[in-house]
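Residue numbers (full-length UniProt numbering), protein chains in the order written: chain A, 1 to 267; chain B, 1 to 300; chain C, 1 to 448. Note that the Cβ used here is the ideal one computed from N, Cα and C, for glycine as well. Worksheet: one structure, shown below.
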Amino acid sequence: MKLFKWIYGIALVLLIAFPFYWVAISSFKLPDQILQADFWPKEWTLQHYNELINATPYLTNLRNSLFVSFGTMIITTALVVPASYAIYRMEFKGRKFFYYLILATFIFPTMLLLVPVYNLMSGVNLIDNLWSLIIINVTFAAPFATWLMSGFFKSIPPSLDESAAVDGAGQLRILFQIILPLIAPGLATIAVYSFVVSWTEFAFASVLISSEANQVLTVGMNQIMGQYTVRWGWTTAGGMLTVIPVLIFFGIVGKYFVRGLTEGSIK
Amino acid sequence: MVAKQTRVRKKKNRIRKAMPYLLVGPLVIWILLTVFLPLSSVIRESFYSTGFVGTQGDFVGFENYMNVFGSAAYWGAWQKSLLWVVGNMVVQTILAFSVALLLNNNRKISQMARTWMIIPWVIPTIVVAIFWQWILNGSYGVLNDVLLSLNIIGEPLNLLGDSTWSLFVIIFINSWHWFPFLAVILLAGLSGIPKELYEASAMDGANKWQEFWKITLPSLQHTTFALGLVGTLWMFNIFDLIHSLTEGGPAGTTTTVPVLIYQEAFESYNLGNASAMSVVTALFLIMFAVLFVRFAAPKD
Amino acid sequence: MKNKRNRFVWLSGFMLLLVLVIAGCSGDNTGGDEDGGDNSGDSEGGVTEVTLWHMEEPPQRVERFNQVIQQFNEEHDDIEVKPQVQSWDDAYSQFPAAIQAGNGPDLLFTLPDYTTLIQDLGVVQPMDEIYESLNEEHGFTESAITPYQYDDTTWALPIFGMVQALWYRADFLEEEGLEAPQTWEELTAAVQALDTEDRNGIALPASKSLATDQVLYTFMITAGAKDIIDGDNNINFNQPATVKAYEMYAELLEYSPNDSNTYTWGEPQAQFNSGNAAMAIEKGQYLAPFEEESGRPAEDLGVVPMPVAEGGEEGSIYYSNGIMMLTEDEQKQEAIKTFFDYLYTPENYAEFINAEPGLFLPVTESAMESDAYWSNEVVSQYEEEVRTLMDIAENGALFGFTDGVSSEVGQISGPNILADTLGQMISNGMSAEEAVEWGQQQMEAAIE
């Protein structure tokens, strides 16, 4: 049984890690060797990375992606925490209705909203503006984030806000001074969640942004892939360059994200 | 004096009453503006003969809906969508459950693995597509190379372009992308199960297998219910991975409903029909959600 | 409790840091936003802004276009042309919405069938005046301008042409003692002979894509079935010559790599350059990277016109890429005229289209005769090949534009019905006759 567990574990590690390994290793191979399936490059080269960073607006794309992702993260957190506090810890008319309304966002295929959202953004003059991406990413991150918060709120005994209420603390003060510190892991979780949603979004980023100066990474990546030529050197290097920032980010906050998820979520 | 106090109390009371709405309001308004407002324009378009995006069609009543209900392509896409959803749920459930059970302990390595295994989920779909296209490539993919050199196959496999296998291959790829996230959520559920339950059953002499069915699964019912609902909707609506890996091909074998809607709107230039398809699809999904909540919701 | 509070402090600090980072980012960013969002922006301090969208995404093309345009901007203080690269993927979803909402460009790159679609929006401006004066000076080639002239109007100016030909590895042919094929029989024979244990006879695209549409159409032309749809939108796809073309294509696919049905443009070229395929039918993009990617000398690359079937005619698909004018603003139109005068001057024009030497063929007589064009490194190295491509271009054709101009051809090219018909044969086991009949039905339904 124990042996089986180890074998299975190793197989899973391979399953998860091999694609990363293979793409990474390929991106360091010389152009004439990249099509050969060597598990270790005969010769290492940074050629693809050099060319990519010089010939494509990678750094601009990266900056834009970071801006959109952090923006989405802050706004999502700021909107979701009060809303979920109301939904999970307050009694009021229409509570269920609002809850389902927020969750209903799951139901609609996002790509069918492309054109109407485009028209909407253009109505408020936000086309080719990174804020349009933040706005729409918040929309898609918020429902699941709200839902994630349920476990965190439920794990706080109701007596806590009751006793605070007796003390005469205002509702907002209860939220900020007593509840918020208790749900800090939840905050971290939804913050990272919304960051990831935003970081990986592609369809709206390609539609709402028209100039190179405002392009984000996923769209830049799509252009590298190109339709007329297949350059696996660039494609794999580009893939790595898109993955690395998020790996670093995750290296720093991943622990809190996963711990938050496992401590708080749906029980 | 007394009157003033009551007024203050009344005012306080009003704020107290309004508070939940003030808290939930911003998010609700946000979502109404960015989802339900655009959605209303989709519903409107579904009654017009609009062709190319941007042009103005004529009002045609329910004609688009008749087209949709009579369309073999639409129902064919539903068949693929069902297969897609079921396939994803099965593969991901198996992978996620086994991983979660494997890592549900306090060993250091498990703690670390919990964090890093989620990496496939944090990379953009388009990069996932590149990863696997590169590995599975029918001419110089490493998988073919390994299989050929081990003499397991005699001819390179064209997995993504095979009309029998491509759907299963993209189900696998999508599962690779998503299962880590599900696994973490399941882990959350597992860590919430009181240890005493297991101790008690161990005293009764239950083996691991019985333990799983008698304790683990029932204790996870809230988690599995939520994942069943949200996961199904998520998987159903996945579009970009399929679009970038196969574009619905070969010969339509991976054309799920969202892919078909996209093609109808942006490749066949039939926005009216595409909108009607979207509305019908959304209605089916709502029906599913309602039924699922009614019949599968945990009883307590 | 203490632990929790610590974590909260930590988290708040982290959030604060993020806010700072974002503030920093957005500081840089607002400048960019204002530029981008401001599309109406004419005459700011007397400078007329003209936005130009093109869909040539590969970095070297973007860079070259930017260079030429920047040069123009530097020489003209009162005009600023702003090039923005877009994706063909968005051309059918985003552009119309953008144009409708007033966020569209002033100049938009196009293809003949895309022009017929965008025309429905009622924003494409006639360009006859600009055309007349440029034509007088530079002389547009007929195959390039014809697909943009109908209803007595010039709807776009051709900017470069692309044409398909049969590429072959001369060294492989020599090994087998073969001559470059001129007829379909010779082509089949050559492909069979060149197909060996570790090499494919040919590499053809067979995915549901425009790439496949294009190669298929070259087969249809040479089979004698180029008139798919006429000016009154009557469809004549289901005919013996079409069936013959599909049969031929399917037969050749047997000698193409087994994952051909995932191929678009890039893969056949990669196979060809890596020596995995001895032939390919594609446009001029094969010239420039050949030596570097194949590691073979230039003379190993051969090109001939697409072989012709018995009863067919010489020719190949010819794509005239053009530029449409979408602005009604007279000041901008004036600026655009100045820009085109500059752009079509042979020196500038040669630099512009040699962003992709061999692929982007000149569409003006003046450029074809100019040293500026022929002095390009790749073009001069492969002069003979480029001349072959130019000759082929004279017999070029494009479906929907062969027998009058079909206003509905976009409905056929958009869903890639030509390629889909092939898919029915290779993935769904239809015979060529059944598939072509199926294709005819699809087309009729599409233009309804």
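Per-residue contacts from Q263(B) into chain C (C-beta, under 8 Å): Stepping through the second sequence from its first residue, residue 263(B) is reached at position 263. Under the 8 Å cutoff, chain C gives P415.
Within 8 Å of chain A by C-beta, residues of the segment 267-288 of chain C in sequence order: Answer in chain order: E267, Q269, A270, S274, Q285.
Close Cβ partners of V50(C) (< 8 Å) along its chain, the five nearest in sequence each way excluded: Counting from 1 along the third sequence, the entry for residue 50(C) is found at position 50. Around V50(C): I79, E80, V81, K82, D106, L107, T327, K332, A335, I336, F339.
6 Å CB neighbourhood of F360(C) in its chain, flanking five on each side removed: As a first step, residue 360(C) is located in the third sequence; it is residue number 360 there, counting from the start. Here the set comprises F160, I353.
Against chain B: residues of the segment 116-150 of chain C by CB proximity under 7 Å: Only those residues of the segment 116-150 of chain C whose C-beta falls short of 7 Å from the nearest C-beta of chain B are listed: L117, D120, L121.
Cβ-based contacts, 8 Å cut-off: residues of the segment 83-94 of chain C near chain B: Contacts with chain B (Cβ-Cβ distance below 8 Å) from the segment 83-94 of chain C involve Y92, S93, listed in chain order.
The segment 160-180 of chain B in contact with the segment 107-125 of chain B per 3-pair CB rule at 8 Å: Touching, yes, given that three or more Cβ pairs across the two stretches are closer than 8 Å.
Short Cβ contact (8 Å threshold) for V197(A) with N137(A): Along the first sequence, read from residue 1 onward, the residue named residue 197(A) stands at position 197. Along the first sequence, read from residue 1 onward, the residue named residue 137(A) stands at position 137. In terms of Cβ geometry, V197(A) and N137(A) form a close pair [threshold 8 Å].
Option in G154(B), K214(B), V279(B) with minimal Cα separation from E197(C): One-based indexing of the third sequence puts residue 197(C) at position 197. That would be G154(B), whose Cα lies nearest to the Cα of E197(C).
CB contact flag (L173(C), A180(C), <8 Å): Residue mapping note: residue 173(C) aligns to position 173 of the third sequence, counting from 1. Residue mapping note: residue 180(C) aligns to position 180 of the third sequence, counting from 1. Between L173(C) and A180(C), the gap from beta carbon to beta carbon is short of 8 Å.
Collapsed DSSP secondary structure at S132(A) in the structure displayed: Counting from 1 along the first sequence, the entry for residue 132(A) is found at position 132. The three-state reading of DSSP puts S132(A) in helix, counting H, G and I together.
DSSP beta-bridge partners of A280(C): Within the third sequence, numbered from 1, the residue matching residue 280(C) stands at position 280. Its beta-bridge partners are W167(C), A203(C).
Min CB distance T93(B) to chain A below 8 Å: Sequence index remark: in the second sequence, residue 93(B) carries index 93 (1-based). Not one chain A Cβ lies under 8 Å of T93(B).
Alpha helix (DSSP H) segments (min. 4 residues) lying fully within the segment 83-118 of chain A: Listed in chain order, they are 95-103.
Start-to-end residues for the alpha helix (DSSP H) that takes in residue 312(B): The shown model of chain B, from 1 to 300, leaves out residue 312(B), and the question about it has no answer.
From E63(B), R114(B), T93(B), residue whose alpha carbon lies closest to that of G260(A): Position 260 of the first sequence holds residue 260(A). Taking only the C-alpha atoms, the option nearest G260(A) is R114(B).
Check whether N64(B) and S46(B) have beta carbons under 8 Å apart: Start at 1 with the first residue of the second sequence, and residue 64(B) comes out as number 64. Start at 1 with the first residue of the second sequence, and residue 46(B) comes out as number 46. The beta carbons of N64(B) and S46(B) sit closer together than 8 Å.
Contact set for L114(A): own chain, Cβ-Cβ below 8 Å, skip 5 residues either direction: The count along the first sequence starts at 1 and reaches residue 114(A) at position 114. A203, F204, V207, listed in sequence order.
Cα-Cα separation, S40(C) to T110(C): On the third sequence, position 40 is the one that residue 40(C) refers to. On the third sequence, position 110 is the one that residue 110(C) refers to. Low per-residue confidence applies at S40(C): pLDDT is 44, beneath 50, and the placement is therefore not dependable enough to give any value.
The segment 194-212 of chain C touching the segment 254-269 of chain C, judged by at least three CB pairs closer than 8 Å: Contact between the segment 194-212 of chain C and the segment 254-269 of chain C is present, with at least three C-beta pairs closer than 8 Å.
Local conformation of W213(B) per DSSP, three classes: For this step, residue 213(B) is matched to residue 213 along the second sequence. DSSP places W213(B) within a helical segment (H, G or I) once states are collapsed to three.
Euclidean distance between Cα positions of G27(C) and V142(B): In the third sequence, the residue the question calls residue 27(C) occupies position 27. In the second sequence, the residue the question calls residue 142(B) occupies position 142. A caution first: G27(C) carries a pLDDT of 40, below 50, which makes its placement in the model unreliable, though a value can still be read off. Roughly 45 Å separates the two Cα atoms.
Bridge-paired residues (DSSP) for S316(C): Locating residue 316(C) in the third sequence gives position 316, counting from the first residue. G396(C).
Residue closest to G231(B), alpha-carbon to alpha-carbon, out of W75(B), G87(B), R7(B): Counting from one through the second sequence, the residue named residue 231(B) turns up at place 231. Distance check between G231(B) and each of W75(B), G87(B), R7(B) places G87(B) closest, using alpha-carbon atoms only.
For I127(A), three-class secondary structure by DSSP: Here residue 127(A) refers to the residue found at position 127 when the first sequence is read from its first residue. Three-state result, I127(A): coil.
Short CB-CB distance (under 8 Å) between N106(B) and chain C: Start at 1 with the first residue of the second sequence, and residue 106(B) comes out as number 106. By this cut-off, N106(B) is not an interface position.
Alpha-carbon spacing of P250(B) relative to V128(B), whole angstroms: On the second sequence, residue 250(B) is found 250 positions in, with the first residue counted as 1. On the second sequence, residue 128(B) is found 128 positions in, with the first residue counted as 1. Going from the Cα of P250(B) to the Cα of V128(B) covers about 20 Å.
Residue-level contact to chain B via CB, P181(A), 8 Å cutoff: Position 181 of the first sequence, counted from the first residue, corresponds to residue 181(A). For P181(A), no Cβ of chain B is located within less than 8 Å of the residue's own Cβ.
Per-residue contacts from E247(B) into chain C (C-beta, under 8 Å): Taking the second sequence and counting its residues from 1, the one referred to as residue 247(B) is at position 247. Within chain C, the residues placing a beta-carbon under 8 Å from that of E247(B) are S207, K208, S209, ordered along the chain.
Inter-residue Cα distance where the pair is I10(A) and V99(B): The residue labelled residue 10(A) in the question sits at position 10 within the first sequence. The residue labelled residue 99(B) in the question sits at position 99 within the second sequence. The C-alpha of I10(A) lies about 11 Å from the C-alpha of V99(B).
Beta-carbon proximity of I94(B) to W132(B), cut-off 8 Å: Here residue 94(B) refers to the residue found at position 94 when the second sequence is read from its first residue. Here residue 132(B) refers to the residue found at position 132 when the second sequence is read from its first residue. W132(B) is positioned such that its CB atom lies no closer than 8 Å to that of I94(B).
Close Cβ partners of K29(A) (< 6 Å) along its chain, the five nearest in sequence each way excluded: The residue labelled residue 29(A) in the question sits at position 29 within the first sequence. Excluding residues up to 5 positions away in sequence, P41 lie with their Cβ nearer than 6 Å to the Cβ of K29(A) in the same chain.
Contact set between N158(B) and chain C, taken where Cβ atoms lie within less than 9 Å: Within the second sequence, numbered from 1, the residue matching residue 158(B) stands at position 158. At a C-beta separation below 9 Å, N158(B) has these neighbours in chain C: P257, N258, D259, S260, N261, T262.
Per-residue contacts from V207(A) into chain C (C-beta, under 7 Å): Translated into the one-based positions of the first sequence, residue 207(A) becomes position 207. Scanning chain C for C-beta atoms nearer than 7 Å to the C-beta of V207(A) yields D90, S93, Q94, reported in chain order.
For D35(C), three-class secondary structure by DSSP: One-based indexing of the third sequence puts residue 35(C) at position 35. Only weak support exists for where D35(C) lies, its pLDDT of 39 falling under 50; the coordinates are left without a value.
Pair within 8 Å by beta-carbon distance, D204(B) and T125(B): The count along the second sequence starts at 1 and reaches residue 204(B) at position 204. The count along the second sequence starts at 1 and reaches residue 125(B) at position 125. It is not a contact, given that the beta carbons lie outside the stated cut-off.
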